[in-house]
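Peer 1: Mapping of the sequence shown onto UniProt numbering: residues 1 to 352, in sequence order.
Glycine included, every Cβ here is placed at the ideal spot set by N, Cα and C.
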Amino acid sequence: MKKHNFSAGPSILPQEVFQKASQAILDFDNTGLSLIEISHRSKEFVAVYDKAVALVKEILNVPATHEVLFLQGGASTQFLMTAINLMKVDGGKSAYINTGAWSNKALKEAKNFGEVVEVASSADTNHNYIPKGYQIPTDVDYVHFTSNNTIFGTQFKNYPETDAVLVADMSSDIFSKPVDVSKFGIIYAGAQKNLGPAGATLVIIKKDILGNTGRTIPSMLDYQIHIKGESMFNTPPVFAIYVSMLNLEYMKAQGGLEAISQKNEEKAALLYNEIDNNPSFVNNVAKEDRSLMNVVFLLNDDSKDADFLAACTAAGISNVKGHRSVGGFRASIYNAMPIESVQALVDVMKKF
Ligand code: PLP
Numbered sequence: 001m002k003k004h005n006f007s008a009g010p011s012i013l014p015q016e017v018f019q020k021a022s023q024a025i026l027d028f029d030n031t032g033l034s035l036i037e038i039s040h041r042s043k044e045f046v047a048v049y050d051k052a053v054a055l056v057k058e059i060l061n062v063p064a065t066h067e068v069l070f071l072q073g074g075a076s077t078q079f080l081m082t083a084i085n086l087m088k089v090d091g092g093k094s095a096y097i098n099t100g101a102w103s104n105k106a107l108k109e110a111k112n113f114g115e116v117v118e119v120a121s122s123a124d125t126n127h128n129y130i131p132k133g134y135q136i137p138t139d140v141d142y143v144h145f146t147s148n149n150t151i152f153g154t155q156f157k158n159y160p161e162t163d164a165v166l167v168a169d170m171s172s173d174i175f176s177k178p179v180d181v182s183k184f185g186i187i188y189a190g191a192q193k194n195l196g197p198a199g200a201t202l203v204i205i206k207k208d209i210l211g212n213t214g215r216t217i218p219s220m221l222d223y224q225i226h227i228k229g230e231s232m233f234n235t236p237p238v239f240a241i242y243v244s245m246l247n248l249e250y251m252k253a254q255g256g257l258e259a260i261s262q263k264n265e266e267k268a269a270l271l272y273n274e275i276d277n278n279p280s281f282v283n284n285v286a287k288e289d290r291s292l293m294n295v296v297f298l299l300n301d302d303s304k305d306a307d308f309l310a311a312c313t314a315a316g317i318s319n320v321k322g323h324r325s326v327g328g329f330r331a332s333i334y335n336a337m338p339i340e341s342v343q344a345l346v347d348v349m350k351k352f
């Protein structure tokens, strides 16, 4: 039986995508070759890459000022790439909004390259809200934030207002709703939640913000080199890009981000509604900042945690244990999670 997979990532993708991907491993487009054994510079793979980039541009309405890249090294490499490509050698300064483990890691990496100002933090309450009303200095090279906090279950509903270059780690909510890409200098996301398999990292970057730091950037970390090489400065993660392309096709066929966003709202409402109305469960996140992707909750009586997990397992529900730094439970309900699976979890909660 296929499980209801609430994993935070790598996570569920549409079944149709898995089916097409498995066929391409055996015989890609009737070439008699596996997708995995063809050259990344073959016309067949270049067509896959071009299609993936074109679909990202179409689905996210990426303006001509921005370039789309598929890189390696995960979002974690973007923590340092953003800083090394944007922070000036002389008097470099950046602003970070600290909303949890991932933004904190990004902030730490940036400290290797210049002054970092933590303009706001939610650490005082173990990151159960999104800070508001903070001041962003005007003399920074860029402002960084994490749009959705995968571990703590919070999400920016309004993005920071600034005239500085805006950089966002959108690893866990990219493609979950429409975004005005023109407002951003850089958007990056590890693929392994709403896009595709781990191994590809999507980067959307405004070209005219590059080349201004006065520093020598190692080739593999230099966005300008990757833009020039169309993500093929080194061998790209061909399988991860192919599966991402299939998933982008699927997103388009679903009606794009407006339609996807509406479904995500419905799924999240179903689950939060149960948490709020069932006296056994509680969610401690500020209501207006609740994530539509990662729903965290606790049992009021945590001595029953193991029993609840056992009830979930018996119902074919997997990966609902909370992150080790928070405890409790976390149901990740990314795009590909069917509402029937959310209902299956709600049914277990009701019975419990
Ligand atoms: N940023 C966010 C918001 C994440 O959720 C994760 C991983 O879950 C990361 C960054 C790290 O991504 P990667 O493992 O691709 O480096």
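Starting from Q78, follow its DSSP beta bridges and name the residues at the other end.
Peer 2: Beta-bridge pairing links Q78 to no other residue.
Peer 1: Spatial neighbours of F113 within its chain, please: CB distance less than 6 angstroms, with the 5 preceding and 5 following residues excluded, ordered by chain position.
Peer 2: A83, I84, M87
Peer 1: Alpha carbon to alpha carbon, how far is A331 from F308? Give it in angstroms, no decimals.
Peer 2: Each residue's alpha carbon lies about 13 angstroms from the other.
Peer 1: From the DSSP secondary-structure annotation, give me the bridge partner or partners of N148.
Peer 2: BP columns for N148 point to Q155.
Peer 1: For Y49, which option in N277, I25, F70, N148 has the closest C-alpha, if you only look at C-alpha atoms?
Peer 2: F70
Peer 1: Near L221, what residues of its chain come up, given a Cβ to Cβ distance below 6 angstroms and the 5 sequence neighbours on each side ignored?
Peer 2: M81, I84
Peer 1: Report the three-state DSSP secondary structure of S103 (helix, strand or coil).
Peer 2: helix
Peer 1: What span of residues does the beta strand (DSSP E) with G247 cover, start to end?
Peer 2: The amino acid at residue 247 is misidentified as Gly; the sequence shows Asn. Run containing N247: none in the beta strand (DSSP E); it sits in the alpha helix (DSSP H), 238 to 253.
Peer 1: Rounded to the nearest angstrom, what separates S34 and V46 at their Cα positions?
Peer 2: 15 angstroms
Peer 1: Do F156 and V326 have their C-beta atoms closer together than 8 angstroms?
Peer 2: Taking C-beta atoms as the reference points, F156 and V326 fail to come closer than 8 angstroms.
Peer 1: Tell me the rounded alpha-carbon separation between A311 and T150.
Peer 2: 24 angstroms
Peer 1: Should N234 be labelled buried (16 or more other beta-carbon atoms within 10 Å of its own) or exposed?
Peer 2: exposed
Peer 1: For N284, which three-state DSSP category applies?
Peer 2: Per DSSP, reduced to three states, the secondary structure at N284 is coil, with no helix or strand assignment.
Peer 1: With a Cβ-Cβ cutoff of 8 angstroms, do V165 and Y142 count as a contact?
Peer 2: Yes. Within cutoff.
Peer 1: Taking its Cβ as the centre, do 16 or more other Cβ atoms sit within 10 Å of Y129, making it buried, or is it exposed?
Peer 2: buried
Peer 1: Rank A110, Y334, G199, K207 by C-alpha distance to the C-alpha of V140 and give the top, closest one.
Peer 2: A110
Peer 1: Going by alpha carbons, who is nearest to M192 out of G9, V295, K3, I36?
Peer 2: Checking the sequence, you will find Gln at residue 192 rather than Met. Nearest option by C-alpha distance: G9.
Peer 1: Output the distance between the C-alpha atoms of I209 and G185, rounded to the nearest integer angstrom.
Peer 2: 7 angstroms
Peer 1: Count the other CB atoms within 10 Å of the CB of D289; is the residue buried (16 or more) or exposed (fewer)?
Peer 2: Label assigned to D289: buried.
Peer 1: The ligand PLP and D27: does the residue's C-beta get closer than 7 angstroms to at least one heavy atom of that ligand?
Peer 2: no
Peer 1: To the nearest angstrom, report how far apart I187 and K206 are at their CA atoms.
Peer 2: 9 angstroms
Peer 1: Alpha carbon to alpha carbon, how far is Q343 from H66? Give it in angstroms, no decimals.
Peer 2: 39 angstroms
Peer 1: Express the C-alpha separation of N319 and H4 in angstroms, rounding to a whole number.
Peer 2: 9 angstroms
Peer 1: So is V282 buried or exposed if we call it buried at 16+ other beta carbons inside 10 Å?
Peer 2: The residue in question, V282, is exposed, as its Cβ has fewer than 16 Cβ neighbours within 10 Å.
Peer 1: Kindly indicate which residue of A259, N126, T201, V68 has the alpha-carbon position closest to the one of A75.
Peer 2: T201
Peer 1: In angstroms, rounded to a whole number, what distance separates the CA positions of S147 and E265?
Peer 2: 16 angstroms
Peer 1: Quickly, what does DSSP pair A110 with across the bridge? List them, please.
Peer 2: According to DSSP, A110 bridges with nothing at all.
Peer 1: Check each residue's C-beta against every heavy atom of the ligand PLP and list, in chain order, those closer than 6 angstroms.
Peer 2: G9, G74, A75, S76, W102, T146, T150, D169, S171, S172, G190
Peer 1: Determine the extent of the beta strand (DSSP E) in which T213 is found, giving its start and end residues.
Peer 2: Unbroken run through T213: none, as it is neither H nor E.
Peer 1: Tell me which residues share the same chain as N284 and place their Cβ nearer than 6 angstroms to its Cβ, disregarding the 5 neighbours each side in the sequence.
Peer 2: N128
Peer 1: Looking only at its chain, what residues have a beta carbon closer than 7 angstroms to the beta carbon of F79, apart from the 5 residues adjacent to it on each side?
Peer 2: K105, A106, E109
Peer 1: Ordered along the chain, which non-local residues of its own chain (more than five positions away) have a Cβ less than 6 angstroms from that of I136?
Peer 2: A95, V119, V143, T162
Peer 1: Counting only the same chain and skipping the five closest in sequence on each side, list residues whose C-beta sits under 6 angstroms from that of G190.
Peer 2: G74, A75, S171, T201
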